[in-house]
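S.K.:
Number of protein chains: 2
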Amino acid sequence: MMILIKNGTILTQDKNRRVIKDGAVLFEGETIKAIGQTKKVESLIKGKKLEKIIEAKGKVVMPGLVNAHTHLAMTLLRGLADDLPLEEWWFKKIFSAESKFTRRHVFLGSLLGGLEMIKSGTTCFVDFYYFEDEVASAVKELGLRANLGVGILDLETFAFKNSPESFVQFFELAERFRNDNLIRISLAPHMFQTTSRETYKKAKKAAGRFNCIMQTHLAETKAEVDFCRKKYGKTPAQILDKEKILDGKTLLAHGCHLDEKDIKILGKNKVSVAHCPVSNMKLASGVMPLARLEKAGVCLALGTDGSCSNNSLDMFGEMKFAALLQKSFFGDPALADSQRVLDMATINGARALGLEKEIGSIEPGKKADIIILDFDQPHLTPVSNIASHLVYCANGADVLTSIVNGRVVMENRKVKVIDEKKVLVQIKEILKLNS
Amino acid sequence: MMILIKNGTILTQDKNRRVIKDGAVLFEGETIKAIGQTKKVESLIKGKKLEKIIEAKGKVVMPGLVNAHTHLAMTLLRGLADDLPLEEWWFKKIFSAESKFTRRHVFLGSLLGGLEMIKSGTTCFVDFYYFEDEVASAVKELGLRANLGVGILDLETFAFKNSPESFVQFFELAERFRNDNLIRISLAPHMFQTTSRETYKKAKKAAGRFNCIMQTHLAETKAEVDFCRKKYGKTPAQILDKEKILDGKTLLAHGCHLDEKDIKILGKNKVSVAHCPVSNMKLASGVMPLARLEKAGVCLALGTDGSCSNNSLDMFGEMKFAALLQKSFFGDPALADSQRVLDMATINGARALGLEKEIGSIEPGKKADIIILDFDQPHLTPVSNIASHLVYCANGADVLTSIVNGRVVMENRKVKVIDEKKVLVQIKEILKLNS
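One line per chain: the protein sequences are A and B, in this order. Per the numbering used here, the first sequence starts with residue 1, numbered consecutively. Per the numbering used here, the second sequence starts with residue 436, numbered consecutively.
1) When we look at the beta-carbon of B:D854 and count the other beta-carbons within 10 Å, is it buried (16 or more) or exposed?
2) Counting only Cβ-Cβ distances shorter than 8 Å, please list the residues of the region 388-400 of chain A near chain B, keeping chain order.
3) Assuming contact is defined by CB atoms lying nearer than 7 Å, are B:C711 and B:H692 in contact in what I supplied?
4) Using alpha carbons as the reference points, say which of B:D767, B:K801, B:V843 and B:I480 lies closest to A:E88.
5) Does the beta-carbon distance from B:D749 to B:S631 come in below 7 Å?
6) Measuring straight from C-alpha to C-alpha, what distance separates B:L725 and A:R103?
7) Name the chain B residues that come within less than 8 Å of A:E420, Cβ to Cβ?
8) Less than 7 Å between C-beta atoms, sequence neighbours within five positions excluded: which residues of the same chain meet that for B:V843?
9) According to DSSP, is B:G458 part of a helix, a strand, or is it coil?
10) Just to confirm before moving on: does the CB-CB distance between A:G36 and A:T123 stay below 7 Å?
11) If distances are taken between C-alpha atoms only, which option among A:V298, A:A73 and A:N147 comes closest to A:F158?
12) Does DSSP put B:L718 in a helix, in a strand, or in coil?
13) Is the beta carbon of B:E486 closer than 7 Å to that of B:M552?
14) Quick one: which chain B residues come within Cβ less than 8 Å of A:D314?
15) Between A:A323 and A:A68, is the Cβ-Cβ spacing less than 7 Å?
16) With DSSP as the reference, label A:R103 as helix, strand or coil.
17) Any heavy atom of the ligand PLP closer than 6 Å to the Cβ of B:S744?
18) B:F605 to B:P624, Cα distance in whole Å?
19) Give me whichever residues DSSP pairs with A:K414 in a beta bridge.
20) Would you identify the three-state DSSP class for A:D398, choosing helix, strand or coil?
21) Please compile the residues from chain A whose C-beta is within a distance smaller than 8 Å of the C-beta of B:G766.
22) Three-state secondary structure (DSSP) at B:S870?
23) Since A:V446 and A:L112 are thought to touch, with beta carbons under 8 Å apart, how far apart are those beta carbons, to the nearest angstrom?
24) Taking a contact to mean a Cβ-Cβ separation below 7 Å, would you say A:E172 touches A:L148 in this structure?
25) By the DSSP assignment, the alpha helix (DSSP H) with B:N783 in it spans what residues?
26) For the candidate residues A:E156, A:K57, A:F330 and A:D22, whose alpha-carbon lies nearest to that of A:V41?
27) Once the 5 residues before and after A:A394 are set aside, which same chain residues still bring their CB inside 7 Å of it?
28) Hey, would you say A:P236 sits closer than 7 Å to A:F192, going by beta carbons?
29) Between which residues of its own chain and B:S744 is the CB-CB distance below 6 Å, once the five residues before and five after are set aside?
30) Would a C-beta distance cut-off of 7 Å place A:N311 and A:R18 closer than the cut-off?
31) Just the Cα atoms here: how many angstroms apart are B:A731 and B:L760?
32) List the residues of chain B that A:I427 touches, going by C-beta distances under 7 Å, in chain order.
33) Does A:L433 pass the burial test, meaning 16 or more other C-beta atoms within 10 Å, or should it be called exposed?
34) Which runs of the beta strand (DSSP E) spanning at least 3 residues fall entirely within the region 248-320 of chain A, listed in chain order?
35) Can you give me the Cβ contacts of B:Q774 inside the same chain, cut-off strictly under 6 Å, excluding the 5 residues immediately before and after it?
36) Give the secondary structure of B:I480 by DSSP, where H, G and I count as helix, E and B as strand, and everything else as coil.
Right, dumping it as structure tokens:
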């Protein structure tokens, strides 16, 4: 059955970044069938029966946002600790709370974070955590699209005793979701301070066997780079390059501390970097050199990081931070313009996941991952430039309707896939039990 | 008649920053009569008739936010130009569009901006513009509290041919609103690049005659400081100090480029500074040294600046930027903690306006400037620390109800003082007429 969205302003994010006024999007099942002027699209379906018509007058219809780096289950620790020196924040507060997590915590934390994402316009995300089978269960309940990264460390975590156990989980999940329509699996070695070079090499090989992405945290902090220089005589990027681990199927999070040689390496290998400006600012980690990475040929995506270091999963807020941090830090108001940042949160995110032919823009043949924003509001009036308003004025609460793979998961701010209030009660229960 | 807000979490922002769970606030007319546990407050009014009961279970009740620096009418130019070098942005785009403004533009732009403020939890603001009588008309329609600054430059503007004309307007307005319950008037010399030292001296004298605040932009850009050093051999702060213009009735916007001597001067004179992090980042102006100013004894408030350089008036977004910019720029995640930033947006803003005995906290005897936020939402779950959630997770759309001076101006997100949709239509009309 077909669904028609009509009379809206369609921000396609196609190759020409076309914006269609009085526009319509028609999709059938999971696939977009037609876009264009409402009259023209309506003429294509004359006499045919529609499942639903979504009126979008005064609204902006755009691709769902892609959150390219998060740790979803950590939403359960939102606001637990802030404004502390890094070591105190991590070791005394976050790590200690996280170590009490059970499978149920991971499931419910993911459900909570996923709800927040639906309500703020994210339709696809990249996770990086443990018990990703539990995250997958939450994702399935919510109907989101995701790439779930099985975290690997050479340390004991609450989920795994050691890295071989994590590899086993990866193999199981990669097999289970091999042909899934919404979930893909990736392998996610943690970082060089916790994960050996040997484990990285094994991870790349294992990811390759399943044609999966390999994710890792890279050059997030100066301490990490110093550690690598001391231990290996090289920067993190140089180590990975030497081991031939970097390629178009590599997604690196952060990239704050990169020298010119590193940037050249990342560009040459066509890697993707998930920029996480809020997390980097909140933890005072550093600033990713956006313009230089882009110039070098790196695909730049955008991520919120986990709720412990943000503390929000709202990608609209993240876009504003991305645009403003570059201007402020590098002293140039022309840097990181709104269209560029919007690209990071949509089509570039898709590209980072190897999904650029499926999502990231509204085009016939692509999957219907679409969000609809109410622009008929004071804080979005007047409209000169839609990209500017999306980056500098909008927030997640402006999203009325979210569609993932052709399924309406939220309509007029009512989540349709799950009982929202029930989840909030379950969260309160599990945290009480544990306190 | 009395209004009771009950069963909420009351974030008082009183001297002890008390948070009352299962709390209530009772106000009669414009004045708060009692706060405390709901049971206790209810026992005080047994048998008495109430005008209204506002149920606040699952909600946070807090003081309305104070936006300490904006140019409200410029909301009409929201998104007109972004991501440009400063000179191109200002001279080619903004200044040229603004020069076509009429009184009607200023009125409608203020109405639009005021609506946005009501809908995002700001109950009091400081304006700085021309035709402040028109801004006052808009403020009266909306029922907001405001300090309206009559802008003064030694240049011709769309409103005034010269600075004497602006002084005349100031005298008229200061007289007209001398005993107003919601509006105060201030005098606002623009900045040293457009306004002479003589005009500053006259302005301070005139403001003093009416016991008014004097506002100005100070050390916003390096260019401004360089200009002053070249022309006067001193920094802007040093010039004002030498002329004995600085005191507790001085509100300075920005303060990005201050040396140690400047900071000492500002502290010694007990001035207030309105920090505008988003504007400073968007225009790459610089970064205000928050911790050093605070240590020196300066009262730090928070402002959004105008919609051209933000492009939002949402003070919740502004708080997050304030907290994160300091951590990132100065490399210390413990800087600008959430309680400190919340203080800037409430009680410090009140103090900057000389209103600390009237607003900025919820205490018996103070005016009822109160907002109520819906905390029963995924992005605000779970709650460990309310201040943290307000700064790092909330946004203006979480505000359900806004009360200014005892009057409910918005309830359950419905603006009660004006026809919101009609204003949006009027905005579209005036911009079409002009295009």
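Glycine included, every Cβ here is placed at the ideal spot set by N, Cα and C.
M.R.: Taking the structure as given:
1) For this step, residue 854 of chain B is matched to residue 419 along the second sequence. By the 10 Å Cβ count, B:D854 comes out exposed.
2) Per Cβ criterion, the list reads S388, H389, Y392, C393, N395, G396, A397 and D398.
3) Residue mapping note: residue 711 of chain B aligns to position 276 of the second sequence, counting from 1. Residue mapping note: residue 692 of chain B aligns to position 257 of the second sequence, counting from 1. Going by C-beta atoms, B:C711 is not nearer than 7 Å to B:H692.
4) Residue numbering aside, residue 88 of chain A sits at position 88 when the first sequence is read from its first letter. That would be B:D767, whose Cα lies nearest to the Cα of A:E88.
5) Along the second sequence, one-based indexing puts residue 749 of chain B at 314. Along the second sequence, one-based indexing puts residue 631 of chain B at 196. In this structure, B:S631 does not lie closer than 7 Å to B:D749 by Cβ.
6) Counted from its first residue, the second sequence places residue 725 of chain B at position 290. Counted from its first residue, the first sequence places residue 103 of chain A at position 103. Going by the C-alpha atoms only, they are around 43 Å apart.
7) If you number the first sequence from 1, residue 420 of chain A lands on position 420. Within chain B, the residues P813 have their CB atoms less than 8 Å from the CB of A:E420, given in chain order.
8) For the purposes of this step, residue 843 of chain B is taken as residue 408 along the second sequence, with counting starting at 1. The answer, listed in chain order, is T836 and K851.
9) In the second sequence, residue 458 of chain B corresponds to position 23, counting from 1. DSSP places B:G458 in strand when its eight states are reduced to three.
10) Here the question's residue 36 of chain A lines up with position 36 in the first sequence. Here the question's residue 123 of chain A lines up with position 123 in the first sequence. Contact: no.
11) Here residue 158 of chain A refers to the residue found at position 158 of the first sequence. Nearest C-alpha to A:F158: A:A73.
12) Residue numbering aside, residue 718 of chain B sits at position 283 when the second sequence is read from its first letter. Coil at B:L718, not helix or strand.
13) Position 117 of the second sequence, counted from the first residue, corresponds to residue 552 of chain B. Position 51 of the second sequence, counted from the first residue, corresponds to residue 486 of chain B. No, they are not a contact pair.
14) As a first step, residue 314 of chain A is located in the first sequence; it is residue number 314 there, counting from the start. Chain B residues near A:D314: H814 and N830.
15) For the purposes of this step, residue 323 of chain A is taken as the residue at position 323 of the first sequence. For the purposes of this step, residue 68 of chain A is taken as the residue at position 68 of the first sequence. Not a contact, by the Cβ cut-off of 7 Å.
16) Mapped onto the first sequence, residue 103 of chain A falls at position 103. Helix.
17) Of the ligands one can find in the structure shown there are none, so the ligand PLP has no counterpart to examine.
18) Here residue 605 of chain B refers to the residue found at position 170 of the second sequence. Here residue 624 of chain B refers to the residue found at position 189 of the second sequence. Taking the straight line from one Cα to the other gives about 11 Å.
19) As a working mapping, residue 414 of chain A is identified with position 414 in the first sequence. For A:K414, the pairing in a beta bridge is given by DSSP as A:E411.
20) Within the first sequence, numbered from 1, the residue matching residue 398 of chain A stands at position 398. Residue state, collapsed to three classes: helix.
21) By 1-based counting over the second sequence, the position of residue 766 of chain B is 331. Ordered by position in chain A, the residues that pass the 8 Å Cβ test against B:G766 are A284.
22) By one-based count along the second sequence, residue 870 of chain B stands at place 435. Note that B:S870 scores a pLDDT of 40, beneath 50, so its modelled location is shaky; the value from the coordinates is reported in the next line. It is coil, neither helix nor strand.
23) Outside the modelled stretch of chain A, which goes from 1 to 435, sits residue 446 of chain A, for which no answer is possible.
24) As a position in the first sequence, residue 172 of chain A is number 172, starting the count at 1. As a position in the first sequence, residue 148 of chain A is number 148, starting the count at 1. No, they are not a contact pair.
25) Within the second sequence, numbered from 1, the residue matching residue 783 of chain B stands at position 348. Segment I782 to A787, the alpha helix (DSSP H) holding B:N783.
26) Translated into positions along the first sequence, residue 41 of chain A becomes position 41. Closest option to A:V41, Cα to Cα, is A:D22.
27) Sequence index remark: in the first sequence, residue 394 of chain A carries index 394 (1-based). Cβ within range, chain order: F316, L373 and L380.
28) Counting from 1 along the first sequence, the entry for residue 236 of chain A is found at position 236. Counting from 1 along the first sequence, the entry for residue 192 of chain A is found at position 192. A contact, by the Cβ cut-off of 7 Å.
29) Taking the first residue of the second sequence as position 1, residue 744 of chain B is located at position 309. Here the set comprises S714, K717 and L718.
30) In the first sequence, residue 311 of chain A corresponds to position 311, counting from 1. In the first sequence, residue 18 of chain A corresponds to position 18, counting from 1. No, these two residues do not count as a Cβ contact at 7 Å.
31) Here residue 731 of chain B is taken as the residue at index 296 of the second sequence, counted from 1. Here residue 760 of chain B is taken as the residue at index 325 of the second sequence, counted from 1. Distance from the CA atom of B:A731 to the CA atom of B:L760, rounded to whole angstroms, is 20 Å.
32) Stepping through the first sequence from its first residue, residue 427 of chain A is reached at position 427. Think of a sphere of 7 Å around the beta carbon of A:I427: the chain B residues whose beta carbon falls inside it are T816 and P817, in chain order.
33) As a working note, residue 433 of chain A is residue 433 in the first sequence. Annotation note: pLDDT 49 at A:L433 (below 50); position unreliable, coordinate value reported separately. If you draw a 10 Å sphere on the C-beta of A:L433, you find fewer than 16 other C-beta atoms in it, and that means exposed.
34) 250-254, 272-275 and 299-302
35) For the purposes of this step, residue 774 of chain B is taken as residue 339 along the second sequence, with counting starting at 1. So the list reads A822, once near-sequence residues are dropped.
36) Walking along the second sequence from the start, residue 480 of chain B turns up at place 45. Correct three-state label for B:I480: coil.
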